[in-house]
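Residue numbers for the sequence shown, in our numbering: 2 to 319.
Don't be surprised by glycine CBs; every beta carbon is placed ideally from N, CA and C.
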Amino acid sequence: MKDYYGRTINYLRISVTDLCNLRCQYCMPAQGVYKKSHNDILNLEEIELIAKEFVSLGINKIKITGGEPLVRKGILTLINNIAKFDGLKDFSMTTNGILLKKFAKSLKNTGLNRVNISLDTLDEKKYFSITRGGNLKHVLDGIEEAKKVGLFPIKINTVLIKGFNDNEIENFVRLTRHENIDVRFIELMSIGEVAKWSKEKFFSTTRILEKIKDLKRIPKEDPSSPADYYQLPDGVGRIGLISPITCKFCKNCNRVRLTADGRLKYCLHSDKEINLKKLLPNRQLIRKVILDSIAQKPLSHSLEERKYIVRNMVQIGG
Ligand code: SAM
Ligand code: SF4
């Protein structure tokens, strides 16, 4: 599938739930998000049907996200079914890791290739505070289990927050010295609730290169990846810098998103959404609407014009 600007769209992020077992301060309000009724959320068969249409149209990379995907009932059945799609080359999940120790082996057995784990601090108390109640040990145990069962490559995603974790950058970088783990630092984006305070807490990825002088740039394996990769001279794993704000990567954007309530989002930073749920089960119509809407994908986001979207990240999936 190509969009109007000739970009190949081959990557779909599927949010399977709006719900989460954490309440990260930059992702959702303290009280949580309004719980949608059962009927407003795609059921597993509907997710599978829509995902199948996407794959038949050329999507070869799928990431399962949320909310927290591991709290969705029946998640392993969905993974098992999607993993069997012909044409799928990369099938992964992004998770907060809290339930990963329990699920890692089954995820591997049902056909998931790999996991990204979100982790913003290596300090127990700070973790409790940023996630409003999470237990760091659960995530660390989850990472160990993912390694044990071979959900490789393991990527740790760390959102940079000034005054919160900028003093931990060296510790995160050090994780890549002896282990085959990628640590990816992500710039905080102004979305939903966080738009009120994200500007003051913004810490750019360029400052990481100023802080850690011996990081060496390494070639990108995948040109559409939003991350630029670096490595310590004696490092095994890699450091990724994901810079949606200081260095927009829109020109190589290859992704679209399906929300838990069945909306197709063709740009993360646009409020424009297409309701695929209401077209179910008409596959022909769904295909046509997917193709038409991908053609309309905008050239780039407009965060610098302070156009922020209304949904919180927990309702999109990152
Ligand atoms: N619960 C799962 C997790 O935490 O990985 C999946 C959903 S979460 C919304 C996906 C990713 O979005 C996480 O890595 C999270 O850190 C990131 N995220 C959420 N809000 C963000 C923001 N305002 N700016 C940058 N990244 C954000
Ligand atoms: Fe939940 Fe992930 Fe959002 Fe944290 S970042 S509140 S874990 S959805």
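Query                                                                                                          : Result
Beta-bridge pairing of M94 - partner residues as DSSP gives them                                               : I65 and V116
Nearest neighbour of D19, chosen from G67, N11, F173 and R239 [CA to CA]                                       : G67
Check: K95 C-beta below 8 Å from any heavy atom of the ligand SAM                                              : Correcting the residue identity first, residue 95 is Thr in this sequence and not Lys. Within the cutoff, so yes.
Helix, strand or coil at K316 [DSSP, three-state]                                                              : According to the sequence shown, residue 316 is Gln rather than Lys. The answer is helix: DSSP assigns Q316 an H, G or I state.
S232 - containing beta strand (DSSP E), residue span                                                           : What sits at residue 232 in the sequence shown is Gln, not Ser. Where Q232 is concerned, the enclosing beta strand (DSSP E) stretches over A228 to Q232.
Cβ shell of G193 (< 6 Å), same chain only, five flanking positions each side left out                          : R312 and N313
S199 beta carbon near the ligand SF4 (any heavy atom closer than 8 Å)                                          : no
Residue range of the unbroken beta strand (DSSP E) whose run includes T122                                     : No beta strand (DSSP E) contains T122, which DSSP labels as neither H nor E.
Beta-carbon spacing of I295, I10 below 9 Å                                                                     : yes
Whole beta strand (DSSP E) elements within the stretch 16–66, 3-residue minimum                                : 62–66
Inter-residue CB distance, A228 and I209 (contact presumed, cutoff 8 Å)                                        : That belief does not hold up - the Cβ atoms of A228 and I209 are roughly 12 Å apart, past 8 Å.
Pair within 9 Å by beta-carbon distance, I99 and G143                                                          : yes
Beta strand (DSSP E) runs contained entirely in the stretch 262–289, provided each spans 3 or more residues    : 264–266
Buried or exposed (CB count within 10 angstroms, at least 16 for buried), Y6                                   : exposed
CB of T96 within 9 Å of CB of E69, strictly                                                                    : yes
Spatially closest choice to E274 from R264, N168 and I219, by CA coordinates                                   : R264
Spatial neighbours of E47 in its chain, beta-carbon cut-off 6 Å, leaving aside the 5 residues before and after : L281
Contact test: G143 Cβ vs the ligand SF4 heavy atom, cutoff 8 Å                                                 : no
Closer than 8 Å: L269 CB and nearest the ligand SF4 heavy atom                                                 : no
Backbone CA spacing between D121 and M94 [nearest angstrom]                                                    : 17 Å
Three-state secondary structure (DSSP) of I144                                                                 : helix
First and last residue of the uninterrupted beta strand (DSSP E) at N158                                       : I155 to L161
Y5 (DSSP reduced to helix, strand or coil)                                                                     : coil
Of the residues T78, V195 and H139, the one placed nearest C28, counting alpha carbons only                    : V195
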